[in-house]
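At the far end of the sequence shown sits residue 1796, using my numbering, and the numbering has no gaps.
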Amino acid sequence: MTRTLVLGGTAWLGRLVAADARDRGHDVTCLARGESGSVPDGVRLVHGDRARPDAYAALDGEWDLVLDVARVPSHVRGAVAALGRRAGHWTFVSSGSVYADQSGPLDESSPLLPPGEDEAPYGEAKSACEQALPSGATIVRAGLLAGPGDPSDRSGYYVARMAAVPDEPVLVPDVADQPMQVLDVRDLAGWLVDLAVAGEPGAVNAAGAPSTVGELVELSVRVARHRAGTVAAPAERLRELGVQEWAGDRSLPWWLPPTHVGLGRMSVTEASRRGLRPRPLEATLADVLDDEARRGPDRPRRAGLSRAEEADLLGRLAR
Ligand SMILES: NC(=O)c1ccc[n+]([C@@H]2O[C@H](COP(=O)([O-])OP(=O)(O)OC[C@H]3O[C@@H](n4cnc5c(N)ncnc54)[C@H](OP(=O)(O)O)[C@@H]3O)[C@@H](O)[C@H]2O)c1
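Quick look at the structure:
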């Protein structure tokens, strides 16, 4: 039986990875503090705080596969030092944010940001994590993820809004041609386990099929059965009105600043060669809408506009 260790496993992607490996018959252990959530049924949780020197003390045995989702370089260094000789193949979940210039197309040979320390911004920290891995590791640089349970609240914003108020126009950024790639987190989780089992070293991008913001909005309209059309506001006007790109409060997801449009232009040639086969975006959006309905579309969100903010903005834009 394959012995698989997930460093993480209590949050969104890591939990799905642990469940996928379990479903394949692996003997799965997760190491985490247990603060982010639980591990899937049938998976062992070993408590450990990777910020502490004794983080891995309770992990005994050997591992065929290690999969890590860390963003803190010292956590990766600590794991490699503590487990290195007891661990087979390492697979690390990195990010497209490691690329130094994200304003254009990104392939695996694009230059990386200089590695940073633990407190460094996300991209620099992930770049340092990559450097801390044992030789022969598989490095998976993920782009924008979507799917049920998205903790960022990005992927469900438009479908939830459109389904909740199907007869009122929806505010979207006027960037229909902006390239965008969205990868279903479940497809990534399963593929990560495939990659770990295959054990091929080196970096590979993990991104969705090339698409555009316009296509994503159209698919959302169809999935949500929205009837009232969109109001496409110029990017400059939205910025003047205090709306931000990408994520966070008072934002419009999928709209990227010019410095980051490359995150919608990640090469997937190598990913396809290694077997990534994303499901159709429409299927992801339909499941995201079901999940939004369960979670409550009017809950406070980490991304998007509240209904009141959107109504206020539509009013101002109409003046
Ligand atoms: N969302 C996106 O669009 C996107 C895009 C590109 C890449 N990514 C990457 O995708 C991955 C997402 O992973 P995820 O969804 O599983 O969520 P996450 O929030 O990144 O996961 C963090 C995991 O590490 C554990 N952890 C954090 N601090 C710890 C500590 N001090 N000691 C031990 N464990 C610790 C957490 O568990 P406890 O809190 O229970 O300890 C949790 O299981 C990340 O690698 C992220 O960088 C995401």
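Every residue gets a Cβ at the ideal spot worked out from N, C-alpha and C, and that includes glycine.
Beta-ladder partner(s) of residue i, from DSSP
i     : result
W1731 : DSSP, once it has assigned bridges, lists no residue as partnering W1731.
V1523 : L1508
H1566 : L1542
E1722 : L1729
D1661 : A1623
P1591 : None; P1591 has no bridge partner.
M1743 : L1583
R1618 : S1571 and N1682
T1689 : P1656
Cβ neighbours of residue i in the same chain (closer than 7 angstroms, five flanking residues each side left out)
i     : result
D1671 : G1752
S1629 : A1724, R1779 and A1780
V1652 : V1690, A1712 and W1732
Beta-carbon proximity check, residue i vs residue j, cutoff 8 angstroms
i     : j     : result
L1766 : A1705 : no
L1648 : A1710 : yes
P1550 : A1605 : yes
V1570 : L1490 : yes
L1794 : V1708 : yes
L1696 : E1759 : yes
P1592 : Q1579 : no
Close beta carbons around residue i, own chain, < 6 angstroms, minus the five adjacent residues each side
i     : result
R1529 : none
H1524 : G1511
G1502 : none
V1694 : V1649
D1823 : The structure shown has nothing for residue 1823, since the chain only spans 1478 to 1796.
Alpha helix (DSSP H) segment containing residue i, residue limits
i     : result
P1650 : It is not in any alpha helix (DSSP H) - P1650 instead sits in the beta strand (DSSP E) that spans V1647 to P1650.
D1761 : Note that residue 1761 is Thr in the sequence shown here, rather than Asp. Looking at the DSSP string, the run of the alpha helix (DSSP H) that includes T1761 is L1758 to R1772.
L1782 : No alpha helix (DSSP H) contains L1782, which DSSP labels as neither H nor E.
T1481 : Careful: T1481 lies outside any alpha helix (DSSP H), inside the beta strand (DSSP E) at R1480 to L1484.
A1605 : Y1599 to Q1608
D1500 : W1489 to D1500
V1798 : No answer is possible for residue 1798: the residues shown for the chain start at 1478 and end at 1796.
Ligand 2 heavy atom lying under 7 angstroms from the CB of residue i
i     : result
P1656 : Looking at this structure, you won't find ligand 2 anywhere; what it does contain is ligand 1.
Run of the beta strand (DSSP E) containing residue i, from where it starts to where it stops
i     : result
T1707 : T1707 to A1710
V1798 : The question about residue 1798 has no answer, for the chain in this structure spans 1478 to 1796.
V1549 : It is not in any beta strand (DSSP E) - V1549 carries neither H nor E in the DSSP assignment.
Subject >> Chain-ordered residues, beta carbon under 6 angstroms from a heavy atom of ligand 1 >> reply: G1485, G1486, T1487, A1488, W1489, L1490, G1491, A1509, R1510, G1511, E1512, S1513, G1525, D1526, R1527, A1528, V1546, R1548, V1570, S1572, A1619, L1621, L1622 and S1629
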